[in-house]
Amino acid sequence: MPSSAPSLFPPKALLFDWDSTLVDNWQSIVHAVNTTLVAMGQAAWTAEEARARVRESMRDAFPRLFGERWPEARKIFYDTFAARHLEHLTPLPGAEAMLAELSEAGLYLAIVSNKTGALLRKEVAHLGWNRYFGRVVGAGDAERDKPDPAPVALALAGSETPPGPVVWLVGDTALDMACAISAGCVPVLIAGNGLEYDDFSAWPPSCTVSDCAALAALVRRF
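Encoded structure:
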């Protein structure tokens, strides 16, 4: 059963993170990160280290990792990731059935991800999921990236639903919860995707569900 706050309102819009919320593409991400690290003279990360560290968008994380050489690292990562990311892209169990149900119910759906926008939209199109989303917002599309609220505002533009208590932002990390709270939306956590790497004390979710099917069931209750 989901845990939820008493003040939870029926949603009019749901904004979803992408990786580890709707899809699994960690094999490609870890490969591209480690190819980049080694090429830049740094030690590769284990899969566990990558899951713990890959949170922010590239424009926020890479300058700290690689200093002035970060544009060089960005090219290596993009080239490596783009070569194989569609090959390993896998929807999480129940994700498409949930999206279809929520879309058919007339709810506004969008993506807010820290994956680079062009690559994100290729993945959405590859799965044939464009029909579910009003907007697909990735890193670099808004003035700033998650956890800043700017991509939330962009994702809701034209939806007739402004950020607020009837907008649920669904993700798997504390960064997603921080983004939701900063934007004035409801933070909804999908558990079971490496949550041991995050501290949610500063950004607690209003609701926690086990997976996509449980989220669909929760919305159905309203």
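If you count the sequence shown from 1, position 39 lands on 51 in the numbering used here, and the numbers rise without skipping. Built from N, CA and C at the ideal position, the CB exists for glycine as well.
Verify whether the separation of the beta carbon atoms of residue i and residue j is less than 8 Å.
{"i": "L121", "j": "L114", "result": "yes"}
{"i": "A25", "j": "L168", "result": "yes"}
{"i": "A85", "j": "T48", "result": "yes"}
{"i": "T33", "j": "G140", "result": "no"}
{"i": "P22", "j": "V179", "result": "no"}
{"i": "S69", "j": "D157", "result": "yes"}
CA-CA distance, residue i and residue j?
{"i": "F78", "j": "P159", "result": "21 Å"}
{"i": "R76", "j": "L111", "result": "36 Å"}
{"i": "A107", "j": "D223", "result": "8 Å"}
{"i": "L187", "j": "V149", "result": "16 Å"}
{"i": "L20", "j": "V231", "result": "11 Å"}
{"i": "R63", "j": "T185", "result": "10 Å"}
{"i": "I202", "j": "S218", "result": "11 Å"}
{"i": "E155", "j": "A165", "result": "10 Å"}
State the DSSP-derived secondary structure class of residue i, mapped to helix, strand or coil.
{"i": "T185", "result": "coil"}
{"i": "W38", "result": "helix"}
{"i": "G150", "result": "strand"}
{"i": "C219", "result": "strand"}
{"i": "R232", "result": "helix"}
Is residue i near the ligand NAD, going by C-beta to nearest heavy atom under 7 Å?
{"i": "E99", "result": "The model depicted lacks the ligand NAD and carries no ligand whatsoever."}
Could you tell me which residues DSSP puts in a beta bridge with residue i?
{"i": "Y120", "result": "A25"}
{"i": "L201", "result": "G183 and T220"}
**Request:** Assess, as a yes-or-no matter, whether the segment 185-200 is touched by the segment 132-145 under the definition of 3 or more beta carbon pairs within less than 8 Å.
**Result:** no
**Message:** Does the segment 84-94 come into contact with the segment 103-112, if we say contact requires no fewer than three beta-carbon pairs (one atom in each stretch) closer than 8 Å?
**Reply:** no
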